[in-house]
Ligand code: GLP
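In the working numbering, the protein residues as written are 5 to 265.
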């Protein structure tokens, strides 16, 4: 695992965007795994800037989103469909038929999940998976005690996650659906590169447990310790409960030139 500590969310997001750019430039038909939430917003803004100002071309990319609420229409303002359209897709040149988000409105959720996994596999797997993290250490919507071997499936949200996400539902926790479809921990672990971002004090505990704690289904993100190429980019506040920050900074500052992003 590589841990990159930046002064603030802006510079962390710029470093993250450079990594995405490198992948998209090297492989025109890259498969990108995408996340939602507050955390990736600045990274998405930077990708949009790169597309507009630097001509970064996404037309060959295929995307798979991590998750979606069950029972929310695509056009509901809090759906992850709406989020992705508003914050990224309408600003880039990814053809609609290359965009994949689990269909939470389907009356056959098990088939949606199986087909999602099949489609990812058929296209050769995800090259780069962008991740945020929940305050309880969840990735995508894999809440604590999610099997570390889990695949795309339905999950029930914890009260805390509903509370955290109520901000997108006019602050009303009762409007947050109980169920979601989410890629599993094993689906995420199959990605070639995992790029996790986390900002702010409220993520510090989860980040410390993910990077320096024991691997445990109680902290699903800690499974990334078993992943071969995970990069965690955090701001000072999210890094504040880590023990080995000096070492992480030393590694980053002394990277061989050819390894730099
Ligand atoms: C939700 C999403 C996750 C995201 C998490 C943190 O649970 N399903 O993918 O990482 O929220 O969100 P935020 O970035 O808003 O803190």
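Glycine included, every Cβ here is placed at the ideal spot set by N, Cα and C. Model, not experiment: these values are computed from the prediction.
**Message:** Nearer than 6 angstroms: is that true of the beta carbon of residue 39 relative to any heavy atom of ligand 1?
**Reply:** Counting from one through the chain shown, the residue named residue 39 turns up at place 35. Residue side-chain check: residue 39 places its Cβ nearer than 6 angstroms to a non-hydrogen atom of ligand 1.
**heavy atom of ligand 1 below 6 angstroms from residue 239 C-beta** = Mapped onto the chain shown, residue 239 falls at position 235. Every heavy atom of ligand 1 is 6 angstroms or more from the Cβ of residue 239, so no.
**Request:** On the DSSP bridge assignment, give the partners of residue 68 in chain order.
**Result:** As a position in the chain shown, residue 68 is number 64, starting the count at 1. Secondary-structure assignment with DSSP links residue 68 through a beta bridge to 37 and 104.
**Message:** Let me check you understand the geometry: is the CB of residue 144 closer than 6 angstroms to at least one non-hydrogen atom of ligand 1?
**Reply:** Along the chain shown, one-based indexing puts residue 144 at 140. For ligand 1, at least one heavy atom lies less than 6 angstroms from the Cβ of residue 144.
**Prompt:** Just to check, is the beta-carbon of residue 160 closer than 6 angstroms to a non-hydrogen atom of ligand 3?
**Reply:** Looking at this structure, you won't find ligand 3 anywhere; what it does contain is ligand 1.
**Message:** I need the straight-line Cα distance from residue 51 to residue 25, nearest angstrom please.
**Reply:** Counting from one through the chain shown, the residue named residue 51 turns up at place 47. Counting from one through the chain shown, the residue named residue 25 turns up at place 21. Computed Cα separation, rounded: 8 angstroms.
**Item:** Cα-Cα separation, residue 7 to residue 207
**Value:** Position 3 of the chain shown, counting from 1, holds the residue named residue 7. Position 203 of the chain shown, counting from 1, holds the residue named residue 207. C-alpha separation (whole angstroms): 15 angstroms.
**Own chain partners of residue 3 with C-beta closer than 6 angstroms, once the 5 adjacent residues on each side are dropped** = Here the chain covers residues 5 to 265 and nothing more, so residue 3 does not appear.
**Prompt:** Is the beta carbon of residue 214 sitting closer than 7 angstroms to the one on residue 225?
**Reply:** As a working mapping, residue 214 is identified with position 210 in the chain shown. As a working mapping, residue 225 is identified with position 221 in the chain shown. Cβ distance < 7 angstroms, so residue 214 and residue 225 count as in contact.
**Prompt:** Does the beta-carbon of residue 71 have 16 or more other beta-carbons within 10 angstroms, so that it is buried, or is it exposed?
**Reply:** Along the chain shown, one-based indexing puts residue 71 at 67. Counting Cβ neighbours within 10 Å, residue 71 comes out buried, since at least 16 surround it.
**Request:** Determine contact between the stretch 43 to 62 and the stretch 154 to 165, defined as no fewer than three beta-carbon pairs at a distance below 8 angstroms.
**Result:** No: the two stretches stay apart, fewer than three of their Cβ pairs being nearer than 8 angstroms.
**Message:** Could you pull the DSSP bridge partners for residue 246 from this structure?
**Reply:** Here residue 246 refers to the residue found at position 242 of the chain shown. The bridge partners DSSP lists for residue 246 come to none.
**Prompt:** On the three-state DSSP scale, how would you describe residue 206?
**Reply:** Taking the chain shown and counting its residues from 1, the one referred to as residue 206 is at position 202. In the structure shown, residue 206 falls within a helical segment according to DSSP collapsed to helix, strand and coil.
**Asked** Which partner residues of residue 200 appear in the DSSP bridge assignment?
**Response** Counted from its first residue, the chain shown places residue 200 at position 196. Bridge pairing for residue 200: 135 and 236 [DSSP].
**Request:** May I have the straight-line CA-CA distance separating residue 16 from residue 204, to the nearest angstrom?
**Result:** Mapped onto the chain shown, residue 16 falls at position 12. Mapped onto the chain shown, residue 204 falls at position 200. Distance between the alpha carbons of residue 16 and residue 204: 12 angstroms.
**Message:** Rounded to the nearest angstrom, what separates residue 189 and residue 258 at their Cα positions?
**Reply:** Walking along the chain shown from the start, residue 189 turns up at place 185. Walking along the chain shown from the start, residue 258 turns up at place 254. Residue 258 has its alpha-carbon roughly 32 angstroms from the corresponding atom of residue 189.
**Prompt:** What is the C-beta distance between residue 231 and residue 187, in whole angstroms, given that I count them as a contact (C-beta under 8 angstroms)?
**Reply:** Within the chain shown, numbered from 1, the residue matching residue 231 stands at position 227. Within the chain shown, numbered from 1, the residue matching residue 187 stands at position 183. Not really, about 14 angstroms apart at Cβ, beyond 8 angstroms.
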